[in-house]
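Chemist: According to the working numbering, the sequence shown is numbered sequentially starting from 44.
Glycine included, each C-beta is placed from N, C-alpha and C at the ideal position.
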Amino acid sequence: MSTYHDKLIKDNIVKLRELIAELPEFCNDFFLGRDQLISSRTKIAYAYDLGVFFKFIHENKKGYKDMEITDYPLSLLDDITRNDILRYMEDLSFYNNKDEKEVRNDERGKARKLASLRSFYNYYFRNEMIKSNPASLVEMPKIHEKEIVRLDFNEVAELLDMVEKGNNLTKGEERFYNKNATRDLCILTLMLGTGIRVSECVGIDLSDLDLKENRLKVRRKGGNESIIYFGDEVLAALEDYVLIREDMHPLEGHEDALFLSMQNKRMSVRAVENMVTKYTSKLGTLKRITPHKLRSTFGTNLYRETGDIYMVADFLGHKDVNTTRKHYASISDDSRRKAIRGFKLREDEE
Numbered sequence: 044m045s046t047y048h049d050k051l052i053k054d055n056i057v058k059l060r061e062l063i064a065e066l067p068e069f070c071n072d073f074f075l076g077r078d079q080l081i082s083s084r085t086k087i088a089y090a091y092d093l094g095v096f097f098k099f100i101h102e103n104k105k106g107y108k109d110m111e112i113t114d115y116p117l118s119l120l121d122d123i124t125r126n127d128i129l130r131y132m133e134d135l136s137f138y139n140n141k142d143e144k145e146v147r148n149d150e151r152g153k154a155r156k157l158a159s160l161r162s163f164y165n166y167y168f169r170n171e172m173i174k175s176n177p178a179s180l181v182e183m184p185k186i187h188e189k190e191i192v193r194l195d196f197n198e199v200a201e202l203l204d205m206v207e208k209g210n211n212l213t214k215g216e217e218r219f220y221n222k223n224a225t226r227d228l229c230i231l232t233l234m235l236g237t238g239i240r241v242s243e244c245v246g247i248d249l250s251d252l253d254l255k256e257n258r259l260k261v262r263r264k265g266g267n268e269s270i271i272y273f274g275d276e277v278l279a280a281l282e283d284y285v286l287i288r289e290d291m292h293p294l295e296g297h298e299d300a301l302f303l304s305m306q307n308k309r310m311s312v313r314a315v316e317n318m319v320t321k322y323t324s325k326l327g328t329l330k331r332i333t334p335h336k337l338r339s340t341f342g343t344n345l346y347r348e349t350g351d352i353y354m355v356a357d358f359l360g361h362k363d364v365n366t367t368r369k370h371y372a373s374i375s376d377d378s379r380r381k382a383i384r385g386f387k388l389r390e391d392e393e
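1. Could you tell me the distance, in whole angstroms, from the CA atom of D351 to the CA atom of V241?
2. Who are L62's beta bridge partners in DSSP?
3. For S62, count the other beta carbons within 10 Å of its own beta carbon; 16 or more makes it buried, fewer makes it exposed. Which is it?
4. What is the DSSP secondary structure of E171, reduced to helix, strand or coil?
5. Which residue spans inside the stretch 110–137 form an unbroken alpha helix (DSSP H) run of at least 4?
6. What residues match up with V312 in a beta bridge as DSSP calls it?
7. What three-state label does DSSP hand K252 in the structure shown?
8. Mind checking whether S269 and K260 have CB atoms under 9 Å apart?
9. Which word fits L180, buried or exposed, when buried means at least 16 other C-beta atoms lie within 10 angstroms of its C-beta?
10. Since S269 is in the beta strand (DSSP E), which residue starts that stretch and which ends it?
11. Under the DSSP definition of a beta bridge, which residues are partnered with R258?
12. According to the neighbour-count rule (16 or more other Cβ atoms, all chains shown, within 10 Å of its Cβ), is P116 buried or exposed?
13. Per DSSP, which one or two residues make a beta bridge with H368?
14. Alpha carbon to alpha carbon, what distance is there between D283 and V146?
15. What whole-angstrom Cβ distance do R258 and I271 have, given they're in contact under 8 Å?
16. Looking at the secondary structure, which residues open and close the beta strand (DSSP E) in which E145 lies?
17. What are the partner residues of A300, as DSSP defines its beta bridges?
18. So is P185 buried or exposed if we call it buried at 16+ other beta carbons inside 10 Å?
19. Touch check for the stretch 60–77 and the stretch 91–99: three-plus C-beta pairs under 8 Å?
20. Report, in whole angstroms, the separation of the C-beta atoms of R338 and L359, which I expect to be a contact under 8 Å.
21. Is the beta carbon of Y91 sitting closer than 9 Å to the one on R77?
22. Since S83 and L119 are thought to touch, with beta carbons under 8 Å apart, how far apart are those beta carbons, to the nearest angstrom?
23. What do you reckon, are the CB atoms on E276 and G215 nearer than 9 Å?
24. Which first and last residues belong to the alpha helix (DSSP H) in which S339 is found?
25. Near N55, what residues of its chain come up, given a Cβ to Cβ distance below 7 Å and the 5 sequence neighbours on each side ignored?
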């Protein structure tokens with residue numbers, strides 16, 4: 044039987060093929076050359092970014108407007124100059140996509156698209172298929188680090204109390220509250236108590252749970268499996284929900300899904316995002332809380348509790364601990380500031 048994760052892999056392959064079909068034919072070499080090095084989701088991101096780049100070339104590069112993008116020759120890469128790429132970077136601030144919808148990119152979006160273009164050019168340059176590498180001559184946009192948005196301790200308690208008791212709900216929301224409250228509380232408790240991604244959360248199967256050992260299995264980005272341990276609060280929430288889940292009648296193909304929607308199908312990422320927004324929007328905070336912010340809340344609390352950046356990286360599934368350190372360095376800065384303020388060279392006079 045095809046599993047949820049098998050279907051995800053199949054859907055990614057189909058999407059990637061659709062995107063590559065819109066690119067110049069020589070791009071196939073790049074994706075084949077990277078086949079064993081990067082995940083299908085990363086290749087989809089590359090294909091999307093390259094599609095944006097070639098659309099810009101088609102509309103702005105003299106001599107290529109009358110050609111179909113799929114017919115562009117490899118020699119095009121040597122015709123593109125550093126100034127072409129600089130103009131492309133400027134165009135990314137505001138442009139219309141292929142559906143004529145307005146798209147804006149901040150510095151992070153520009154940096155990702157330039158990184159994709161650099162990787163693309165590097166492949167052909169290293170393999171001596173082109174003579175120049177103009178993408179390497181363009182500096183990466185300077186990215187200003189954003190402060191981590193997370194829930195404070197009292198906000199976490201208020202959020203879970205709200206879901207548990209059904210406070211502050213509209214009449215329309217109250218209609219579905221009794222059916223979904225235990226499930227919603229379980230999802231929020233699980234994400235706040237383990238730091239798993241929303242995509243990992245919706246992918247959990249009943250067979251992934253080991254409630255006797257307080258652990259579960261998740262599929263990380265890239266397809267790797269990890270065992271996640273959790274505390275007693277998460278265990279209690281899972282036990283309460285599993286009792287209800289046993290009486291549900293999932294549709295065919297969704298029998299093993301842990302979290303089910305009102306239609307008795309596996310919950311989607313969008314459904315969990317909407318659920319999180321529904322509850323967190325009532326907290327009375329100016330913060331915009333998404334499922335990823337619940338992950339940040341967990342990472343922050345775990346680091347403050349343990350001071351162990353390697354443990355935090357392991358729980359969050361970061362392959363590079365420097366990624367974790369970069370995101371949570373401000374927490375240790377707070378501790379250092381508090382420590383130095385209390386540091387004295389001489390005792391106060393009585």
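Modeler: Answer, in terms of the structure:
1. 24 Å
2. In the DSSP output, where bridge partners are listed per residue, L62 has none listed.
3. Looking at the sequence shown, residue 62 is not Ser but Leu. So L62 counts as buried.
4. coil
5. 119–122, 125–134
6. For V312, which the question treats as bridged, DSSP gives no partner whatsoever.
7. Correcting the residue identity first, residue 252 is Leu in this sequence and not Lys. L252: strand per DSSP, three-state reduction.
8. yes
9. exposed
10. 268–272
11. D253, Y272
12. exposed
13. Rather than His, the amino acid found at residue 368 in this sequence is Arg. None; R368 has no bridge partner.
14. 44 Å
15. 6 Å
16. 145–147
17. D248
18. Reading off the sequence, residue 185 comes out as Lys, not Pro. Classification for K185: exposed.
19. yes
20. 7 Å
21. no
22. About 26 Å separates the two Cβ atoms, so there is no contact after all.
23. no
24. 334–349
25. S83, R84, I87
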